[in-house]
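Novice: Counting along the sequence shown from 1, when you hit position 134 you're at 494 in our numbering, and nothing is skipped either side. Positions of the beta carbon are idealized from the N, C-alpha and C atoms, including for glycine. Have a look at this one.
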Amino acid sequence: MGVPLRQALVVAKYLMAQKLRGKKRFPLVLMLEPLYRCNLECEGCGKIQHPEEILNTYLSPEECWEATDECGAPVVSIAGGEPLIHPEIDTIVEGLVQRKKFVYLCTNAILLERWLPKLKPSPYLTISVHMDGMEKLHDAMVAREGVFEKAVKAIRKAKDLGYRVNTNTTVFNDSAPEGMRELFNFLNDDLGVDGMMISPGYDYPKAPNQKVFLNRPEMIKTFETILDSPERKKWRFNHSPIFLKFLQGKKAMQCTAWGNPTRSVLGWQRPCYLMNESYADSFIELMEETEWDRYGFGRDARCTNCMAHCGYEATAVGSMLENPLEGLKAAASTIGGGPSK
Ligand code: SF4
Ligand code: SF4
Numbered sequence: 361m362g363v364p365l366r367q368a369l370v371v372a373k374y375l376m377a378q379k380l381r382g383k384k385r386f387p388l389v390l391m392l393e394p395l396y397r398c399n400l401e402c403e404g405c406g407k408i409q410h411p412e413e414i415l416n417t418y419l420s421p422e423e424c425w426e427a428t429d430e431c432g433a434p435v436v437s438i439a440g441g442e443p444l445i446h447p448e449i450d451t452i453v454e455g456l457v458q459r460k461k462f463v464y465l466c467t468n469a470i471l472l473e474r475w476l477p478k479l480k481p482s483p484y485l486t487i488s489v490h491m492d493g494m495e496k497l498h499d500a501m502v503a504r505e506g507v508f509e510k511a512v513k514a515i516r517k518a519k520d521l522g523y524r525v526n527t528n529t530t531v532f533n534d535s536a537p538e539g540m541r542e543l544f545n546f547l548n549d550d551l552g553v554d555g556m557m558i559s560p561g562y563d564y565p566k567a568p569n570q571k572v573f574l575n576r577p578e579m580i581k582t583f584e585t586i587l588d589s590p591e592r593k594k595w596r597f598n599h600s601p602i603f604l605k606f607l608q609g610k611k612a613m614q615c616t617a618w619g620n621p622t623r624s625v626l627g628w629q630r631p632c633y634l635m636n637e638s639y640a641d642s643f644i645e646l647m648e649e650t651e652w653d654r655y656g657f658g659r660d661a662r663c664t665n666c667m668a669h670c671g672y673e674a675t676a677v678g679s680m681l682e683n684p685l686e687g688l689k690a691a692a693s694t695i696g697g698g699p700s701k
């Protein structure tokens, strides 16, 4: 059975089980941040501005596995910071794969070639590489020359060795639609990545460059232009068709931040991966004691310009519970990396 289908089936079964149990809120993707330390300082990043003592704190493999067991989501996205700086990242990944979690290891790929010998290819492991544009734009966004070239080399090597490789692109002010199309053609056709993710940049108040962010109407216009392309049919997006419609302003949705709970070195982050209003001591406390209805578009000013997949993709996939056919398509594309429709 192909990996995407396997993932889609596991997620579909999981969603049905939640429905049968009558669960109103449940996790779909655990966002695991085992460290905040990074080897880059990207223009639009709001994750790395912590005091040294926090940057020096790493979750142990046991803490990562405990959080995963506590949460129970079928998919785990390892983010940060740069996960490949963690000295035990291979052990963390191995323990998650043994638990049959679908692991997305997010990285800027600077250290990827060094780690590949220690990361076993597996149908449960996808390496997800940060790619914000073709060479000039990407190196400008990550504020360092040579990173694009290094990432491309690492992606080619990982693909040659049989890893599943995805990319993750954040769209900013300077992401001209024609440049994004060129990037997606390159990733899709030349590098042959298994899936691509796109998201508008979230306007983190602490990001080094506040001028890079688009507001909501600008984002919708940019995504409409990028995706209104005959080439789009061949692009293998790792998103549901519903989420892509949402990005183009063709579908209204509300955020379901509880779908992507975040466990960082500081605890279970409230309310979402993007905002750190407070921390819960346990996953159950996060789910039961967070006032979820306070967050989302029109409810909290900090959510006004957020259209990120960590808030809205779970809403799209959750539609399976209301419309099984549409939802199955969403699960297949989102978690399985199928082509967008
Ligand atoms: S966006 Fe990612 S790679 Fe860039 S500084 Fe932030 S954590 Fe590091
Ligand atoms: S809309 Fe975005 S910023 Fe607001 S709670 Fe949802 S994910 Fe977080």
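Would you tell me roughly how many angstroms separate the C-alpha atoms of Leu733 and Val371, rounded to the nearest one?
Specialist: Since the first residue shown for the chain is 361 and the last is 701, residue 733 is missing from the structure and cannot be characterised.
Novice: Going along the chain, which residues of its own chain have a beta-carbon closer than 6 Å to the beta-carbon of Ala427, five neighbours each way excluded?
Specialist: Walking along the sequence shown from the start, residue 427 turns up at place 67. Take Ala427, set aside five residues on each side of it, and the residues of its chain with a beta-carbon closer than 6 Å to its own are Arg623, in chain order.
Novice: Please tell me whether, using a cut-off of 7 Å, the distance from the CB of Cys666 to the nearest non-hydrogen atom of ligand 2 is below it.
Specialist: Position 306 of the sequence shown holds residue 666. Between ligand 2 and Cys666, a heavy atom-to-CB distance of less than 7 Å is present.
Novice: Helix, strand or coil, according to DSSP, for Thr664 in the structure here?
Specialist: For this step, residue 664 is matched to residue 304 along the sequence shown. Coil at Thr664, not helix or strand.
Novice: In the region 422–489, which residue ranges form an unbroken beta strand (DSSP E) of at least 3 residues, counting only runs that do not cross its ends?
Specialist: 435–438, 462–467
Novice: Shortest alpha-carbon distance to Ser437 belongs to which of Asp554, Ile408, Pro483, Pro621?
Specialist: Indexing the sequence shown from 1 puts residue 437 at position 77. Out of Asp554, Ile408, Pro483, Pro621, Pro621 has the C-alpha closest to the C-alpha of Ser437.
Novice: Do Pro631 and ligand 2 come close, with the Cβ less than 7 Å from some heavy atom?
Specialist: If you number the sequence shown from 1, residue 631 lands on position 271. Answer for Pro631: yes, Cβ within range of ligand 2.
Novice: When the Cα atoms are used, what is the spatial distance from Phe606 to Gly671?
Specialist: Here the question's residue 606 lines up with position 246 in the sequence shown. Here the question's residue 671 lines up with position 311 in the sequence shown. Each residue's Cα considered, the two are about 12 Å apart.
Novice: What does DSSP give as the partner residues of Asp640 in its beta bridges?
Specialist: As a first step, residue 640 must be located in the sequence shown, where it is residue number 280. A small correction: the amino acid at residue 640 is Ala; Asp does not occupy that position in the sequence shown. Beta-bridge pairing links Ala640 to Trp628.
Novice: Could you tell me if Leu380 is buried or exposed, where buried requires 16 or more neighbouring beta carbons within 10 angstroms of its beta carbon?
Specialist: The residue labelled residue 380 in the question sits at position 20 within the sequence shown. It is exposed - the Cβ of Leu380 has fewer than 16 other Cβ atoms within 10 Å.
Novice: Report yes if the CB atom of His669 is closer than 8 Å to the CB atom of Phe603, and no otherwise.
Specialist: Taking the first residue of the sequence shown as position 1, residue 669 is located at position 309. Taking the first residue of the sequence shown as position 1, residue 603 is located at position 243. In contact: His669 and Phe603 (Cβ atoms closer than 8 Å).
Novice: If you follow the beta strand (DSSP E) that Asn526 is in, where does it begin and where does it stop?
Specialist: Taking the first residue of the sequence shown as position 1, residue 526 is located at position 166. Counted as a single uninterrupted DSSP element, the beta strand (DSSP E) harbouring Asn526 occupies residues 524–531.
Novice: Enumerate in chain order the residues of its own chain whose CB-to-CB distance from Lys460 is below 7 Å, with the five nearest sequence positions on each side excluded.
Specialist: As a working note, residue 460 is residue 100 in the sequence shown. Same-chain partners within the cutoff: Tyr484.
Novice: I'd like to confirm something about Gly493: is its beta-carbon nearer than 7 Å to some heavy atom of ligand 1, or not?
Specialist: Here residue 493 corresponds to residue number 133 of the sequence shown, with the count starting at 1. Outside the cutoff, so no.
Novice: Per the DSSP calculation, Arg623 is bridged to which residue(s)?
Specialist: Looking up residue 623 in the sequence shown gives position 263. Answer is Leu392, Trp628, bridged to Arg623.
Novice: If we ignore side chains and look at the alpha-carbon of each, how far apart do Thr486 and Pro421 end up?
Specialist: Counting from one through the sequence shown, the residue named residue 486 turns up at place 126. Counting from one through the sequence shown, the residue named residue 421 turns up at place 61. Distance between the alpha carbons of Thr486 and Pro421: 19 Å.
Novice: Give the DSSP bridge partners of Ser311, in chain order.
Specialist: Outside the shown range of the chain (361 to 701) lies residue 311, about which nothing can therefore be said.
Novice: So what does DSSP say about Phe657, is it helix, strand or coil?
Specialist: Numbered from 1 along the sequence shown, position 297 holds the residue referred to as residue 657. If DSSP states are grouped into helix, strand and coil, Phe657 belongs with coil.
Novice: Report the three-state DSSP secondary structure of Phe753 (helix, strand or coil).
Specialist: Examination of residue 753 is not possible in this model, given that the chain is present from 361 through 701 alone.
Novice: Which of helix, strand or coil does DSSP assign to Phe603?
Specialist: Here residue 603 is taken as the residue at index 243 of the sequence shown, counted from 1. Residue state, collapsed to three classes: helix.
Novice: Which residue wins for smallest C-alpha separation from Asn635, given the options Leu419, Ala661, Gly382?
Specialist: Walking along the sequence shown from the start, residue 635 turns up at place 275. Sequence inspection shows Met at residue 635; the Asn mentioned does not correspond to that position. Met635 has its Cα closest to that of Ala661, out of Leu419, Ala661, Gly382.
Novice: Taking the alpha-carbon of Asp563 as reference, which of Glu448, Cys663, Leu390 has the nearest alpha-carbon?
Specialist: The residue labelled residue 563 in the question sits at position 203 within the sequence shown. With distances taken between Cα atoms, Asp563 lies closest to Cys663.
Novice: Return yes when at least one heavy atom of ligand 1 lies under 7 Å from the C-beta of Gly441, else no.
Specialist: Counting from one through the sequence shown, the residue named residue 441 turns up at place 81. It does: the Cβ of Gly441 is within 7 Å (strictly closer) of some heavy atom of ligand 1.
Novice: Taking the Cβ atom as the reference point for each residue, do Tyr619 and Ala536 lie within a distance shorter than 8 Å?
Specialist: Within the sequence shown, residue 619 is the residue found at index 259, counting from 1. Within the sequence shown, residue 536 is the residue found at index 176, counting from 1. According to the sequence displayed, residue 619 carries Gly and not Tyr. The answer is no: Cβ separation not under 8 Å.
Novice: Tell me, please, whether the region 525–534 touches the region 555–574 by the rule of three or more beta-carbon pairs shorter than 8 Å.
Specialist: yes
Novice: By the 10 Å Cβ neighbour count, where 16 or more other Cβ atoms means buried, how is Ala518 classified, buried or exposed?
Specialist: On the sequence shown, residue 518 is found 158 positions in, with the first residue counted as 1. Answer is buried; the Cβ neighbour count reaches 16.
Novice: Have a look at the DSSP bridge pairing and note the partners of Phe597.
Specialist: Against the sequence shown, residue 597 aligns to sequence position 237. Phe597 pairs with Met556.
Novice: Going by CA-CA distance only, name the one from Val435, Glu412, His410, Trp628 that's closest to Arg366.
Specialist: Locating residue 366 in the sequence shown gives position 6, where the first residue counts as 1. Comparing Cα-Cα distances from Arg366 to each of Val435, Glu412, His410, Trp628, the minimum goes to Val435.
Novice: Output needed for Leu551: all residues of its chain with C-beta closer than 6 Å, excluding positions within five of it in sequence on either side, in chain order.
Specialist: Counting from 1 along the sequence shown, the entry for residue 551 is found at position 191. The residues are Ile515.
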